[in-house]
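Counting in my numbering, the sequence shown runs from 58 upward without gaps. Note that the Cβ used here is the ideal one computed from N, Cα and C, for glycine as well. Here the structure comes first, spelled out in C-alpha coordinates, and everything after it is commentary.
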Amino acid sequence: MTTPLGGTVAVVGFPNVGKSTLVNRLSATRETVVHEQAGVTRDRKEVVCDWRDKRFTLVDTGGVDIADDSPITQAIGVQARAAIDDADAVLFVVDARAGLTPGDEEIAQILRTSKRPVIVVANKIDDARHEMDALDFHSLGLGDPVPVSALHGNGTGDLLDLVVGALPGRTRPEPGHDAIRVTILGRPNVGKSSLLNALLGRERVIVSEVPGTTRDAIDTTLERDGTTLVLVDTAGLRRKRRHRQGIEYFSELRTRRAAERADVALVLIDSSEGIVDHDLTVADIARRAGCSTLLVLAKWDASTIGIEDARARLQEKLRQRPSLLAVSAKTGRGLGRLLDAIEELFKRRMFRVTTSDFNEFLEELRSGRPGPSKQGRRLRLKYGTQVEVRPPRFRVFVNDAGLVTRDYAYWVENRIRDRFELEGTPVVIDFVGQR
58 MTTPLGGTVA
68 VVGFPNVGKS
78 TLVNRLSATR
88 ETVVHEQAGV
98 TRDRKEVVCD
108 WRDKRFTLVD
118 TGGVDIADDS
128 PITQAIGVQA
138 RAAIDDADAV
148 LFVVDARAGL
158 TPGDEEIAQI
168 LRTSKRPVIV
178 VANKIDDARH
188 EMDALDFHSL
198 GLGDPVPVSA
208 LHGNGTGDLL
218 DLVVGALPGR
228 TRPEPGHDAI
238 RVTILGRPNV
248 GKSSLLNALL
258 GRERVIVSEV
268 PGTTRDAIDT
278 TLERDGTTLV
288 LVDTAGLRRK
298 RRHRQGIEYF
308 SELRTRRAAE
318 RADVALVLID
328 SSEGIVDHDL
338 TVADIARRAG
348 CSTLLVLAKW
358 DASTIGIEDA
368 RARLQEKLRQ
378 RPSLLAVSAK
388 TGRGLGRLLD
398 AIEELFKRRM
408 FRVTTSDFNE
418 FLEELRSGRP
428 GPSKQGRRLR
438 LKYGTQVEVR
448 PPRFRVFVND
458 AGLVTRDYAY
468 WVENRIRDRF
478 ELEGTPVVID
488 FVGQR
(Lines of atoms letter the chains of each structure in order from A and count residues from 1; the text may use other names and numbers.)
(Lines give C-alpha, C1' and ligand atoms only; values in the text may rest on other atoms or scores of the structure.)
Protein backbone atom coordinates (compact mmCIF):
# COMPACT_ATOMS: atom_id res chain seq x y z
CA MET A 1 0.00 0.00 0.00
CA THR A 2 1.43 3.40 -1.00
CA THR A 3 1.60 6.42 1.27
CA PRO A 4 0.42 9.75 -0.15
CA LEU A 5 2.89 12.61 -0.29
CA GLY A 6 1.28 16.03 0.00
CA GLY A 7 3.51 18.01 -2.32
CA THR A 8 7.07 18.85 -3.31
CA VAL A 9 9.25 21.65 -1.94
CA ALA A 10 12.42 22.72 -3.76
CA VAL A 11 15.25 24.08 -1.61
CA VAL A 12 17.37 26.54 -3.59
CA GLY A 13 19.98 29.19 -2.97
CA PHE A 14 23.52 30.40 -3.59
CA PRO A 15 26.38 27.95 -2.86
CA ASN A 16 27.25 27.30 0.79
CA VAL A 17 24.21 28.95 2.39
CA GLY A 18 23.29 25.75 4.26
CA LYS A 19 20.65 24.14 2.03
CA SER A 20 21.69 20.54 2.70
CA THR A 21 22.02 21.19 6.43
CA LEU A 22 18.50 22.63 6.40
CA VAL A 23 17.10 19.63 4.49
CA ASN A 24 18.66 17.26 7.00
CA ARG A 25 17.27 19.31 9.90
CA LEU A 26 13.72 19.57 8.51
CA SER A 27 13.57 15.89 7.60
CA ALA A 28 15.32 14.72 10.80
CA THR A 29 17.70 12.67 8.65
CA ARG A 30 21.29 12.73 7.46
CA GLU A 31 20.36 11.91 3.88
CA THR A 32 22.24 14.73 2.18
CA VAL A 33 26.00 15.22 2.13
CA VAL A 34 27.05 18.20 4.24
CA HIS A 35 30.56 19.66 4.14
CA GLU A 36 32.12 23.05 4.77
CA GLN A 37 33.37 23.10 1.17
CA ALA A 38 31.05 25.00 -1.18
CA GLY A 39 29.43 23.18 -4.08
CA VAL A 40 29.10 19.75 -2.47
CA THR A 41 25.51 19.20 -3.65
CA ARG A 42 25.15 18.96 -7.43
CA ASP A 43 22.18 16.80 -8.38
CA ARG A 44 18.64 17.00 -7.06
CA LYS A 45 18.25 14.91 -3.92
CA GLU A 46 14.71 14.06 -2.73
CA VAL A 47 14.03 13.46 0.97
CA VAL A 48 10.64 12.75 2.56
CA CYS A 49 9.67 15.08 5.42
CA ASP A 50 6.94 14.41 8.00
CA TRP A 51 5.44 17.29 9.98
CA ARG A 52 2.19 17.38 11.96
CA ASP A 53 0.83 14.30 10.16
CA LYS A 54 1.69 15.83 6.78
CA ARG A 55 4.21 14.15 4.48
CA PHE A 56 5.90 15.97 1.63
CA THR A 57 9.10 15.81 -0.39
CA LEU A 58 12.04 18.17 0.10
CA VAL A 59 14.28 18.51 -2.95
CA ASP A 60 17.83 19.57 -2.12
CA THR A 61 19.60 21.28 -5.02
CA GLY A 62 23.09 22.47 -5.83
CA GLY A 63 24.13 26.07 -5.27
CA VAL A 64 23.01 28.38 -8.09
CA ASP A 65 25.68 30.86 -9.20
CA ILE A 66 24.58 32.46 -12.45
CA ALA A 67 27.83 34.41 -12.79
CA ASP A 68 29.96 31.24 -12.82
CA ASP A 69 30.08 29.98 -16.43
CA SER A 70 31.90 26.69 -15.72
CA PRO A 71 30.10 23.66 -17.24
CA ILE A 72 29.50 21.92 -13.92
CA THR A 73 28.05 25.06 -12.30
CA GLN A 74 25.81 25.70 -15.28
CA ALA A 75 24.60 22.08 -15.13
CA ILE A 76 23.82 22.53 -11.42
CA GLY A 77 21.77 25.60 -12.32
CA VAL A 78 19.78 23.62 -14.88
CA GLN A 79 18.98 20.97 -12.27
CA ALA A 80 17.92 23.63 -9.75
CA ARG A 81 15.60 25.27 -12.28
CA ALA A 82 14.08 21.88 -13.06
CA ALA A 83 13.45 21.35 -9.35
CA ILE A 84 11.66 24.73 -9.18
CA ASP A 85 9.52 23.88 -12.21
CA ASP A 86 8.50 20.55 -10.64
CA ALA A 87 7.84 21.96 -7.16
CA ASP A 88 4.64 23.08 -5.46
CA ALA A 89 6.58 25.54 -3.27
CA VAL A 90 10.15 26.82 -2.90
CA LEU A 91 12.39 27.48 0.08
CA PHE A 92 14.86 30.18 -0.92
CA VAL A 93 17.77 29.86 1.53
CA VAL A 94 20.03 32.87 2.13
CA ASP A 95 22.99 33.40 4.44
CA ALA A 96 21.93 36.02 7.01
CA ARG A 97 25.49 36.38 8.30
CA ALA A 98 26.80 37.26 4.84
CA GLY A 99 23.94 39.66 4.12
CA LEU A 100 22.24 40.29 0.80
CA THR A 101 24.46 39.43 -2.19
CA PRO A 102 24.14 39.93 -5.96
CA GLY A 103 23.77 36.17 -6.27
CA ASP A 104 20.71 36.24 -4.01
CA GLU A 105 19.13 38.94 -6.15
CA GLU A 106 19.73 36.91 -9.33
CA ILE A 107 18.04 33.83 -7.84
CA ALA A 108 15.17 35.98 -6.56
CA GLN A 109 14.55 37.15 -10.13
CA ILE A 110 14.22 33.53 -11.27
CA LEU A 111 11.79 32.80 -8.43
CA ARG A 112 9.64 35.87 -9.12
CA THR A 113 8.93 34.53 -12.61
CA SER A 114 8.39 30.93 -11.47
CA LYS A 115 4.84 31.54 -10.17
CA ARG A 116 5.54 29.25 -7.22
CA PRO A 117 4.93 30.11 -3.54
CA VAL A 118 8.32 31.17 -2.13
CA ILE A 119 9.47 31.28 1.50
CA VAL A 120 12.70 33.18 2.10
CA VAL A 121 14.73 31.35 4.77
CA ALA A 122 17.33 33.56 6.47
CA ASN A 123 19.74 30.86 7.66
CA LYS A 124 22.71 30.90 10.06
CA ILE A 125 20.96 33.04 12.67
CA ASP A 126 22.39 31.01 15.51
CA ASP A 127 21.66 33.63 18.17
CA ALA A 128 18.37 35.45 18.77
CA ARG A 129 20.32 38.73 18.99
CA HIS A 130 20.95 38.52 15.25
CA GLU A 131 17.36 37.91 14.12
CA MET A 132 17.18 41.49 12.85
CA ASP A 133 19.74 40.51 10.19
CA ALA A 134 16.91 38.74 8.37
CA LEU A 135 15.22 42.07 7.65
CA ASP A 136 17.79 42.87 4.93
CA PHE A 137 16.12 40.30 2.68
CA HIS A 138 12.76 42.08 2.56
CA SER A 139 14.16 43.96 -0.43
CA LEU A 140 14.01 40.75 -2.50
CA GLY A 141 10.27 41.28 -2.77
CA LEU A 142 9.40 37.68 -1.84
CA GLY A 143 7.69 38.25 1.49
CA ASP A 144 8.82 38.18 5.11
CA PRO A 145 12.09 36.27 5.64
CA VAL A 146 11.96 33.49 8.24
CA PRO A 147 14.98 33.51 10.61
CA VAL A 148 16.33 30.01 11.31
CA SER A 149 19.44 28.16 12.32
CA ALA A 150 19.66 24.93 10.34
CA LEU A 151 22.68 23.97 12.44
CA HIS A 152 20.94 24.31 15.81
CA GLY A 153 17.29 23.94 14.79
CA ASN A 154 16.15 27.40 15.91
CA GLY A 155 12.99 28.51 14.08
CA THR A 156 12.60 25.33 12.03
CA GLY A 157 9.26 24.39 13.59
CA ASP A 158 7.75 27.73 12.56
CA LEU A 159 9.26 27.24 9.10
CA LEU A 160 7.68 23.80 8.72
CA ASP A 161 4.29 25.24 9.69
CA LEU A 162 4.66 27.75 6.86
CA VAL A 163 5.75 25.05 4.42
CA VAL A 164 2.73 22.85 5.15
CA GLY A 165 0.47 25.88 4.79
CA ALA A 166 1.96 26.75 1.40
CA LEU A 167 1.41 23.31 -0.12
CA PRO A 168 -1.65 22.87 -2.33
CA GLY A 169 -2.84 19.63 -0.73
CA ARG A 170 -2.45 17.53 -3.88
CA THR A 171 -1.04 14.10 -3.21
CA ARG A 172 1.05 11.66 -5.17
CA PRO A 173 1.81 8.05 -4.23
CA GLU A 174 5.11 7.08 -2.67
CA PRO A 175 6.67 3.95 -4.20
CA GLY A 176 5.23 0.96 -2.35
CA HIS A 177 6.86 -2.13 -0.94
CA ASP A 178 6.44 -3.92 -4.26
CA ALA A 179 8.59 -1.36 -6.12
CA ILE A 180 11.89 -2.75 -7.41
CA ARG A 181 14.79 -0.78 -5.93
CA VAL A 182 17.71 -0.71 -8.37
CA THR A 183 21.06 0.78 -7.40
CA ILE A 184 23.67 1.65 -10.04
CA LEU A 185 27.19 0.88 -8.83
CA GLY A 186 30.63 1.18 -10.34
CA ARG A 187 33.99 2.87 -10.36
CA PRO A 188 34.08 6.65 -10.88
CA ASN A 189 33.26 7.78 -14.42
CA VAL A 190 32.06 4.43 -15.80
CA GLY A 191 28.79 5.96 -17.04
CA LYS A 192 26.36 5.51 -14.14
CA SER A 193 24.64 8.88 -14.51
CA SER A 194 24.52 8.58 -18.30
CA LEU A 195 22.79 5.21 -17.98
CA LEU A 196 20.23 6.58 -15.51
CA ASN A 197 19.39 9.49 -17.81
CA ALA A 198 19.11 7.15 -20.80
CA LEU A 199 16.70 4.85 -18.95
CA LEU A 200 14.57 7.80 -17.90
CA GLY A 201 14.73 9.52 -21.27
CA ARG A 202 15.68 12.85 -19.68
CA GLU A 203 18.57 14.62 -17.95
CA ARG A 204 17.75 13.79 -14.33
CA VAL A 205 21.33 13.82 -13.04
CA ILE A 206 24.43 15.72 -14.09
CA VAL A 207 26.79 13.97 -16.50
CA SER A 208 30.39 15.14 -16.69
CA GLU A 209 33.73 13.73 -17.78
CA VAL A 210 35.08 14.82 -14.39
CA PRO A 211 35.23 11.76 -12.08
CA GLY A 212 33.28 12.19 -8.85
CA THR A 213 30.53 14.41 -10.25
CA THR A 214 27.82 12.43 -8.45
CA ARG A 215 28.13 12.70 -4.67
CA ASP A 216 24.75 11.65 -3.33
CA ALA A 217 22.59 8.59 -3.88
CA ILE A 218 19.86 9.96 -6.16
CA ASP A 219 16.48 8.17 -6.21
CA THR A 220 14.26 8.44 -9.29
CA THR A 221 11.03 6.54 -10.00
CA LEU A 222 10.39 4.89 -13.36
CA GLU A 223 7.02 3.36 -14.30
CA ARG A 224 7.16 0.58 -16.91
CA ASP A 225 4.13 -1.44 -17.99
CA GLY A 226 2.62 -1.40 -14.51
CA THR A 227 5.92 -2.06 -12.73
CA THR A 228 7.52 0.60 -10.51
CA LEU A 229 11.30 0.81 -10.43
CA VAL A 230 13.20 3.13 -8.10
CA LEU A 231 16.53 3.81 -9.82
CA VAL A 232 19.36 5.02 -7.58
CA ASP A 233 22.41 6.71 -9.10
CA THR A 234 25.40 6.60 -6.74
CA ALA A 235 28.85 8.05 -6.26
CA GLY A 236 31.74 6.06 -7.74
CA LEU A 237 33.47 3.54 -5.50
CA ARG A 238 37.17 4.29 -5.41
CA ARG A 239 39.89 1.68 -5.19
CA LYS A 240 42.00 2.74 -2.22
CA ARG A 241 40.93 3.97 1.19
CA ARG A 242 43.53 6.75 1.15
CA HIS A 243 41.73 8.22 -1.87
CA ARG A 244 38.47 8.49 0.10
CA GLN A 245 38.59 11.63 2.20
CA GLY A 246 36.07 14.26 3.21
CA ILE A 247 33.24 14.50 0.70
CA GLU A 248 34.24 11.29 -1.10
CA TYR A 249 34.18 9.37 2.18
CA PHE A 250 30.62 10.43 3.02
CA SER A 251 29.53 9.89 -0.59
CA GLU A 252 30.79 6.32 -0.46
CA LEU A 253 28.96 5.68 2.81
CA ARG A 254 25.73 6.70 1.07
CA THR A 255 26.55 4.50 -1.90
CA ARG A 256 27.00 1.47 0.34
CA ARG A 257 23.78 2.28 2.19
CA ALA A 258 21.94 2.56 -1.13
CA ALA A 259 23.21 -0.93 -2.02
CA GLU A 260 21.94 -2.30 1.30
CA ARG A 261 18.44 -0.95 0.53
CA ALA A 262 18.38 -2.25 -3.05
CA ASP A 263 16.85 -5.35 -4.57
CA VAL A 264 19.00 -5.29 -7.71
CA ALA A 265 22.46 -3.85 -8.24
CA LEU A 266 23.63 -2.90 -11.72
CA VAL A 267 27.42 -3.18 -11.59
CA LEU A 268 28.72 -1.05 -14.44
CA ILE A 269 31.97 -1.88 -16.20
CA ASP A 270 33.50 0.57 -18.66
CA SER A 271 33.88 -1.60 -21.75
CA SER A 272 35.99 1.09 -23.43
CA GLU A 273 38.67 0.43 -20.78
CA GLY A 274 38.15 -3.29 -20.27
CA ILE A 275 37.63 -5.24 -17.05
CA VAL A 276 39.81 -4.32 -14.07
CA ASP A 277 40.10 -6.00 -10.68
CA HIS A 278 38.20 -3.18 -8.98
CA ASP A 279 35.12 -4.07 -11.05
CA LEU A 280 35.15 -7.43 -9.26
CA THR A 281 35.46 -5.63 -5.93
CA VAL A 282 32.39 -3.53 -6.69
CA ALA A 283 30.43 -6.66 -7.61
CA ASP A 284 31.43 -8.23 -4.31
CA ILE A 285 30.22 -5.12 -2.47
CA ALA A 286 26.82 -5.67 -4.10
CA ARG A 287 26.83 -9.34 -3.07
CA ARG A 288 27.72 -8.57 0.54
CA ALA A 289 24.97 -5.95 0.62
CA GLY A 290 22.48 -8.70 -0.28
CA CYS A 291 21.67 -7.41 -3.77
CA SER A 292 20.74 -9.48 -6.75
CA THR A 293 23.42 -8.54 -9.28
CA LEU A 294 23.50 -7.80 -12.99
CA LEU A 295 26.79 -6.97 -14.70
CA VAL A 296 26.50 -4.22 -17.30
CA LEU A 297 29.15 -3.54 -19.92
CA ALA A 298 28.56 0.19 -20.36
CA LYS A 299 29.78 2.39 -23.23
CA TRP A 300 29.42 -0.59 -25.60
CA ASP A 301 29.56 1.75 -28.58
CA ALA A 302 33.26 2.23 -27.75
CA SER A 303 34.01 -1.30 -26.48
CA THR A 304 37.50 -2.78 -26.58
CA ILE A 305 36.52 -6.25 -25.28
CA GLY A 306 34.50 -9.24 -26.47
CA ILE A 307 31.33 -10.08 -24.56
CA GLU A 308 31.94 -13.84 -24.43
CA ASP A 309 35.46 -13.41 -23.05
CA ALA A 310 34.14 -10.94 -20.50
CA ARG A 311 31.32 -13.29 -19.48
CA ALA A 312 33.67 -16.22 -18.97
CA ARG A 313 36.08 -14.22 -16.84
CA LEU A 314 33.45 -12.55 -14.68
CA GLN A 315 31.31 -15.62 -14.02
CA GLU A 316 34.38 -17.61 -13.06
CA LYS A 317 35.34 -15.00 -10.45
CA LEU A 318 31.95 -14.06 -8.98
CA ARG A 319 30.07 -16.24 -6.51
CA GLN A 320 26.53 -15.34 -7.62
CA ARG A 321 27.33 -16.06 -11.29
CA PRO A 322 25.43 -12.96 -12.44
CA SER A 323 24.25 -12.39 -15.98
CA LEU A 324 26.08 -9.97 -18.26
CA LEU A 325 24.55 -7.45 -20.67
CA ALA A 326 26.10 -4.88 -22.98
CA VAL A 327 24.46 -1.45 -23.27
CA SER A 328 25.15 1.97 -24.70
CA ALA A 329 23.57 5.00 -23.08
CA LYS A 330 24.71 7.00 -26.10
CA THR A 331 22.92 4.91 -28.76
CA GLY A 332 20.25 3.29 -26.59
CA ARG A 333 21.40 -0.22 -27.42
CA GLY A 334 20.34 -2.86 -24.91
CA LEU A 335 18.29 -0.60 -22.62
CA GLY A 336 15.05 -2.52 -23.12
CA ARG A 337 16.77 -5.84 -22.50
CA LEU A 338 18.36 -4.36 -19.38
CA LEU A 339 14.98 -3.41 -17.91
CA ASP A 340 13.63 -6.86 -18.77
CA ALA A 341 16.60 -8.45 -17.00
CA ILE A 342 16.00 -6.32 -13.89
CA GLU A 343 12.42 -7.52 -13.67
CA GLU A 344 13.50 -11.13 -14.17
CA LEU A 345 16.10 -10.82 -11.38
CA PHE A 346 13.43 -9.42 -9.08
CA LYS A 347 11.22 -12.45 -9.79
CA ARG A 348 14.10 -14.71 -8.79
CA ARG A 349 14.58 -12.65 -5.67
CA MET A 350 10.92 -13.28 -4.76
CA PHE A 351 11.20 -17.01 -5.55
CA ARG A 352 9.57 -19.45 -3.13
CA VAL A 353 9.77 -23.24 -3.17
CA THR A 354 7.40 -25.59 -1.32
CA THR A 355 8.78 -27.45 1.67
CA SER A 356 8.14 -30.81 0.02
CA ASP A 357 10.02 -29.84 -3.15
CA PHE A 358 12.91 -28.46 -1.13
CA ASN A 359 13.21 -31.66 0.89
CA GLU A 360 13.19 -33.74 -2.28
CA PHE A 361 16.10 -31.57 -3.41
CA LEU A 362 17.93 -32.18 -0.11
CA GLU A 363 17.49 -35.91 -0.59
CA GLU A 364 19.25 -35.60 -3.95
CA LEU A 365 22.10 -33.75 -2.23
CA ARG A 366 22.45 -36.46 0.40
CA SER A 367 22.72 -39.17 -2.24
CA GLY A 368 24.97 -37.12 -4.51
CA ARG A 369 27.77 -36.18 -2.13
CA PRO A 370 28.57 -37.27 1.40
CA GLY A 371 28.81 -34.48 3.96
CA PRO A 372 32.17 -33.53 5.52
CA SER A 373 33.32 -35.47 8.57
CA LYS A 374 35.37 -34.73 11.66
CA GLN A 375 36.68 -37.16 14.26
CA GLY A 376 34.58 -39.95 12.83
CA ARG A 377 31.36 -37.95 12.82
CA ARG A 378 29.84 -37.08 9.41
CA LEU A 379 27.51 -34.20 8.58
CA ARG A 380 24.01 -35.29 7.62
CA LEU A 381 21.34 -33.09 6.06
CA LYS A 382 18.05 -33.92 7.79
CA TYR A 383 15.36 -31.62 6.38
CA GLY A 384 14.80 -27.97 5.55
CA THR A 385 12.42 -25.24 4.50
CA GLN A 386 12.45 -21.79 2.93
CA VAL A 387 11.85 -19.08 5.55
CA GLU A 388 12.13 -15.81 3.62
CA VAL A 389 12.16 -14.18 0.20
CA ARG A 390 13.80 -11.01 -1.09
CA PRO A 391 16.32 -12.69 -1.17
CA PRO A 392 15.53 -16.41 -0.77
CA ARG A 393 16.58 -17.71 2.66
CA PHE A 394 16.59 -21.36 3.68
CA ARG A 395 16.88 -23.12 7.02
CA VAL A 396 18.53 -26.53 6.79
CA PHE A 397 18.54 -28.78 9.86
CA VAL A 398 21.60 -30.98 10.26
CA ASN A 399 22.86 -33.40 12.89
CA ASP A 400 25.76 -31.09 13.89
CA ALA A 401 26.18 -27.53 12.57
CA GLY A 402 29.82 -27.56 13.64
CA LEU A 403 30.57 -30.02 10.85
CA VAL A 404 29.54 -27.60 8.10
CA THR A 405 32.61 -26.35 6.24
CA ARG A 406 32.79 -23.25 4.05
CA ASP A 407 33.39 -25.32 0.91
CA TYR A 408 30.40 -27.55 1.65
CA ALA A 409 28.15 -24.54 2.39
CA TYR A 410 29.20 -22.97 -0.94
CA TRP A 411 28.50 -26.26 -2.70
CA VAL A 412 24.96 -26.42 -1.26
CA GLU A 413 24.42 -22.77 -2.16
CA ASN A 414 25.47 -23.35 -5.76
CA ARG A 415 23.31 -26.48 -6.05
CA ILE A 416 20.30 -24.47 -4.85
CA ARG A 417 21.11 -21.75 -7.37
CA ASP A 418 21.44 -24.30 -10.19
CA ARG A 419 18.34 -26.29 -9.32
CA PHE A 420 15.98 -23.35 -8.87
CA GLU A 421 17.50 -21.03 -11.51
CA LEU A 422 18.62 -18.32 -9.09
CA GLU A 423 21.68 -17.06 -11.01
CA GLY A 424 22.61 -13.54 -9.96
CA THR A 425 20.56 -13.74 -6.75
CA PRO A 426 21.85 -14.13 -3.19
CA VAL A 427 21.01 -17.44 -1.55
CA VAL A 428 21.13 -17.41 2.26
CA ILE A 429 21.37 -20.72 4.13
CA ASP A 430 21.14 -21.15 7.90
CA PHE A 431 22.47 -24.55 9.02
CA VAL A 432 20.82 -25.46 12.32
CA GLY A 433 22.06 -28.31 14.46
CA GLN A 434 19.44 -30.76 15.68
CA ARG A 435 20.27 -33.98 17.49
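{"Item": "Within 9 Å, strictly: CB atoms of A207 and N73", "Value": "no"}
{"Item": "Where E309 falls, given that 16 or more other Cβ within 10 Å makes a residue buried", "Value": "buried"}
{"Item": "C-alpha distance - V289 paired with T240, whole-angstrom precision", "Value": "5 Å"}
{"Item": "Residue of L419, D487, E400, T442 minimising C-alpha distance to T411", "Value": "T442"}
{"Item": "Euclidean distance between Cα positions of A191 and G156", "Value": "8 Å"}
{"Item": "Cα-Cα separation between S385 and G243, rounded to whole angstroms", "Value": "15 Å"}
{"Item": "Cross-strand partners of Q243 (DSSP beta bridge)", "Value": "In the sequence under discussion, the amino acid at residue 243 is Gly, which differs from the Gln named in the question. Answer is L325."}
{"Item": "Limits of the beta strand (DSSP E) - the one that N180 falls within", "Value": "175-180"}
{"Item": "Residue ranges of each alpha helix (DSSP H) within the region 129-171, 4 or longer", "Value": "159-169"}
{"Item": "C-alpha distance - M58 paired with V446, whole-angstrom precision", "Value": "Bear in mind that the predicted position of M58 carries a pLDDT of just 35, short of 50, making it unreliable; the figure below should be weighed with that in mind. Rounded to whole angstroms, M58 to V446 spans 19 Å at the Cα level."}
{"Item": "6 Å CB neighbourhood of D336 in its chain, flanking five on each side removed", "Value": "I326"}
{"Item": "Residue nearest to L294 in terms of C-alpha spacing, selected from R406, R311, E421, R281", "Value": "R311"}
{"Item": "A67 to T78 span [Cα, whole Å]", "Value": "14 Å"}
{"Item": "C-alpha gap between N456 and Y440, whole angstroms", "Value": "10 Å"}
{"Item": "Range covered by the beta strand (DSSP E) that runs through D282", "Value": "Note, D282: premise wrong, no beta strand (DSSP E); not H, not E."}
{"Item": "A355 (DSSP reduced to helix, strand or coil)", "Value": "strand"}
{"Item": "Chain-order list of residues whose beta-carbon lies under 8 Å from that of M407 (same chain, five-residue window excluded)", "Value": "V446, R447"}
{"Item": "Beta carbon of L438 nearer than 9 Å to that of F454", "Value": "yes"}
{"Item": "Other residues of its chain near R101: CB distance less than 6 Å, five sequence neighbours each side excluded", "Value": "V116, T118, Q136, A140"}
{"Item": "Beta-carbon separation (whole angstroms), L7 vs L371, contact threshold 8 Å", "Value": "The chain is shown only over 58 to 492; residue 7 falls outside these bounds and no answer can be derived."}
{"Item": "Residue closest to G120, alpha-carbon to alpha-carbon, out of L286, L219, L460, G160", "Value": "G160"}
{"Item": "Host alpha helix (DSSP H) of G222 (start-end)", "Value": "213-223"}
{"Item": "Proximity to A144 [Cα-Cα], best of A223, L216, G481, V485", "Value": "A223"}
{"Item": "As assigned by DSSP and simplified to three states, the class of F408", "Value": "coil"}
{"Item": "Complete beta strand (DSSP E) runs within the region 349-395 (minimum length 3 residues, chain order)", "Value": "349-355, 380-383"}
{"Item": "Range of the contiguous alpha helix (DSSP H) that encloses E470", "Value": "463-476"}
{"Item": "Contacting residues, own chain, Cβ-Cβ under 7 Å from D276 (five flanking each side not counted)", "Value": "E103, V287, V289"}
{"Item": "Close beta carbons around T285, own chain, < 6 Å, minus the five adjacent residues each side", "Value": "P232, A236"}
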